[in-house]
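Q:
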Amino acid sequence: MEFSFSPEEEAFQSIVRRFAQEELAPHYVRWDRGEPFPKEKLKAMAQVGLTGMRAPIEWGGQDASYVQCGIAAEEVGRADFNCTLFLQIWNIWGELLRLAPSSLQKEWYPPLVSGEKIFAFALTEPDAGSDAAHIRTRARREGDYYVLDGEKASITFAGQADVAVVFARTGEEGARGISCLLVPLHLPGVSRSVYRSPGERLTQRGSLFFSGVKVPATYLIGREGQGFYLAMGAFDFNRAIIGLCCLGAALQSLEETVGYLKGRRAFGRPLATFQGVAFQIAEHLTRLEAARLLCYRALWLKDQGLPHVREAAMAKWFSGMVAVDAIRACIILHGHYGYSQDLPLEQRLRDVLGLEIGDGTPEIMKLIIARETFGREYLPR
Ligand SMILES: Cc1cc2nc3c(=O)[nH]c(=O)nc-3n(C[C@H](O)[C@H](O)[C@H](O)COP(=O)(O)OP(=O)(O)OC[C@H]3O[C@@H](n4cnc5c(N)ncnc54)[C@H](O)[C@@H]3O)c2cc1C
Numbered sequence: 009m010e011f012s013f014s015p016e017e018e019a020f021q022s023i024v025r026r027f028a029q030e031e032l033a034p035h036y037v038r039w040d041r042g043e044p045f046p047k048e049k050l051k052a053m054a055q056v057g058l059t060g061m062r063a064p065i066e067w068g069g070q071d072a073s074y075v076q077c078g079i080a081a082e083e084v085g086r087a088d089f090n091c092t093l094f095l096q097i098w099n100i101w102g103e104l105l106r107l108a109p110s111s112l113q114k115e116w117y118p119p120l121v122s123g124e125k126i127f128a129f130a131l132t133e134p135d136a137g138s139d140a141a142h143i144r145t146r147a148r149r150e151g152d153y154y155v156l157d158g159e160k161a162s163i164t165f166a167g168q169a170d171v172a173v174v175f176a177r178t179g180e181e182g183a184r185g186i187s188c189l190l191v192p193l194h195l196p197g198v199s200r201s202v203y204r205s206p207g208e209r210l211t212q213r214g215s216l217f218f219s220g221v222k223v224p225a226t227y228l229i230g231r232e233g234q235g236f237y238l239a240m241g242a243f244d245f246n247r248a249i250i251g252l253c254c255l256g257a258a259l260q261s262l263e264e265t266v267g268y269l270k271g272r273r274a275f276g277r278p279l280a281t282f283q284g285v286a287f288q289i290a291e292h293l294t295r296l297e298a299a300r301l302l303c304y305r306a307l308w309l310k311d312q313g314l315p316h317v318r319e320a321a322m323a324k325w326f327s328g329m330v331a332v333d334a335i336r337a338c339i340i341l342h343g344h345y346g347y348s349q350d351l352p353l354e355q356r357l358r359d360v361l362g363l364e365i366g367d368g369t370p371e372i373m374k375l376i377i378a379r380e381t382f383g384r385e386y387l388p389r
């Protein structure tokens with residue numbers, strides 16, 4: 009058993025931590041309050057190698073390990089939770105493009121790796137989220153094109169993405185009839201709307217509408233009918249990554265709270281000396297550390313090519329829950345100062361909560377854990 013990062017991973021961690029604390033953290037609240045997110049930040053993230061972690065080396069990527077992707081997620085999560093959404097999408101796109109024709113790789117790896125374009129992943133629909141095998145968006149083959157009609161809901165970066173992978177029905181009902189198309193969002197027939205979201209505002213989550221959009225047939229990723237399985241494959245490792253994004257935000261909050269509790273006095277003593285206060289920190293730190301081990305283990309299993317679907321679901325459910333609980337406690341431990349927009353705590357709570365839902369809710373994570381434990385024939389209802 010080996011519980012430490014390698015020297016290379018430690019070096020990478022310190023580079024990302026320094027970058028994220030200096031370049032991202034000071035601006036975290038600005039993108040929450042309506043200032044447009046500057047694309048230069050993406051190029052800066054590209055310069056420290058965050059864009060192409062799962063892109064092949066031949067296309068300028070790093071082909072990084074999944075554990076290394078987790079390190080990046082945790083460090084960026086500490087600084088600006090919402091910027092982790094870019095990381096997640098870059099990782100997923102880095103993987104999916106591997107299955108695309110070389111013409112598409114040539115067109116889309118360079119802007120991915122350079123941070124020039126914004127990417128999205130469009131699976132959810134107004135009537136199909138957890139039950140994603142029953143999406144209704146259609147891609148009808150007509151000659152050299154697919155004609156795309158439908159609506160995608162709750163899509164991260166809907167408001168600003170240049171391109172999306174869109175999961176659409178090309179065949180029979182159910183999972184086997186779904187395909188994955190790369191859709192540039194400037195095509196005629198695409199429109200979008202942005203939600204009024206309680207958190208993750210930087211990401212302009214919203215809906216994408218497709219009305220008779222002609223997508224070249226060469227923009228198919230993978231085979232026809234493979235789309236649902238590609239989407240589930242992307243979720244599977246991203247769930248452990250999400251866990252680490254949430255834990256990064258929570259660990260940062262706890263560290264800030266420890267500093268505050270040492271300095272703030274009540275009843276003639278530092279708050280940190282009250283057992284009722286210090287034990288809360290001890291308990292949350294223990295839960296966060298346990299969750300962190302779950303996440304890194306799931307990613308390590310993925311790196312070894314070992315089964316990890318159950319572990320990734322455990323990591324997402326448990327990490328999201330303990331992170332939200334810890335941040336909430338940090339707010340209360342700050343007293344009225346915590347219940348204020350002057351500290352980043354309330355924003356972290358709003359932001360992290362969104363990813364308890366995104367990529368699969370706690371109930372769906374438990375359903376997966378139960379399915380992988382009991383077997384498909386005992387799938388809980
Ligand atoms: C911040 C955020 C970002 C997102 N980004 C993206 C994105 O980029 N791309 C994308 O495609 N989607 C995205 N989503 C959508 C997300 O993946 C879905 O919201 C999620 O899968 C749940 O689907 P739903 O909202 O339709 O809820 P529903 O499926 O309607 O579920 C509603 C409730 O019922 C519960 N439930 C459903 N089925 C069961 C069951 N069998 N057993 C027990 N309980 C059940 C759920 O757990 C949930 O609590 C995002 C969502 C959020 C909040």
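The sequence shown begins at 9 in this note's numbering and counts up one residue at a time.
Every residue, glycine too, gets a C-beta built ideally from N, C-alpha and C.
Quantities reported herein were computed from a predicted structural model and do not represent experimental measurements.
What does the alpha-carbon distance come out to for the pair L314 and S12?
A: 20 Å
Q: Using 10 angstroms around the beta-carbon of K270, count the other beta-carbons present and answer buried if the total reaches 16, otherwise exposed.
A: exposed
Q: Using 8 Å as the threshold, is the region 105 to 119 in touch with the region 226 to 236, meaning 3 or more CB pairs across them?
A: yes
Q: Can you tell me the Cα-Cα spacing of A140 and D170, whole angstroms?
A: 24 Å
Q: Could you give the residue range of the alpha helix (DSSP H) that holds C253?
A: 235 to 271
Q: Short of 6 Å in beta carbon distance, which residues of its chain neighbour D71, apart from the five on each side in sequence? Order them along the chain.
A: P64, I65
Q: What's the gap between the Cα of R146 and the Cα of A166?
A: 19 Å
Q: So, at 6 Å on beta carbons, what are the nonlocal neighbours of G185 in its own chain, with the 5 sequence-adjacent residues on each side left out?
A: R177, G179
Q: Suppose you measure from the CA of E285 to the CA of A334; what does that come to, to the nearest Å?
A: One detail in the question is off: residue 285 reads as Val in this sequence, not Glu. Those two C-alpha atoms are separated by around 13 Å.
Q: From this set, P352, V266, G197, I163, which residue's C-alpha is nearest Y154's C-alpha?
A: The residue with the shortest Cα to Cα distance from Y154 is G197.
Q: Taking 6 Å as the line, does the beta carbon of L163 fall inside it for any heavy atom of ligand 1?
A: A small fix is needed here, since residue 163 is Ile in this sequence, not Leu. Under cutoff, so the answer is yes.
Q: With a threshold of 6 Å on Cβ separation, who are the neighbours of R25 within its own chain once the five nearest residues in sequence on each side are excluded?
A: E83
Q: Might you give, ordered along the chain, the residues of its own chain that have their beta carbon closer than 7 Å to the beta carbon of A52, omitting 5 neighbours on each side?
A: For A52, same chain residues with a beta-carbon under 7 Å away, outside a window of 5 residues either side, are E31 in chain order.
Q: Return helix, strand or coil for L104, following the three-state DSSP convention.
A: helix
Q: Classify E232 as helix, strand or coil using the three-state DSSP reduction.
A: coil
Q: Enumerated in chain order, which unbroken segments of the beta strand (DSSP E) with a length of 3 residues or greater are wholly contained in the region 269 to 355?
A: none
Q: Mind checking G220: buried by the 16 CB within 10 Å criterion, or exposed?
A: exposed
Q: Is E371 close to ligand 1? I mean its beta-carbon at under 6 Å from any heavy atom of the ligand.
A: yes
Q: Count the other C-beta atoms from every protein chain shown that fall within 10 angstroms of the C-beta of L387, then say buried if there are 16 or more, exposed otherwise.
A: Under this definition L387 is an exposed residue.
Q: Looking at the unbroken alpha helix (DSSP H) that takes in S122, where does it start and where does it end?
A: 110 to 122
Q: CB of A45 to nearest heavy atom of ligand 1: below 6 Å?
A: For clarity, residue 45 is Phe in the given sequence; the question names Ala instead. No, the Cβ of F45 stays beyond 6 Å of every heavy atom of ligand 1.
Q: Along the chain, where does the alpha helix (DSSP H) that runs through R200 open and close?
A: From DSSP, R200 is part of no alpha helix (DSSP H) but of the beta strand (DSSP E) over 198 to 202.
Q: Check each candidate in L361, K114, H35 and name the one with the smallest Cα separation from W67.
A: K114
Q: Return yes when at least one heavy atom of ligand 1 lies under 6 Å from the C-beta of S348, else no.
A: no
Q: How about L95 and A81: do their beta carbons lie closer than 7 Å?
A: yes
Q: Please go through the same chain and pick out, in chain order, the residues whose beta-carbon is closer than 6 Å to the beta-carbon of A341, but skip the five residues on each side of it.
A: Reading the sequence as shown, one finds Leu at residue 341 and not Ala. Excluding sequence neighbours, L341 sits near T265.
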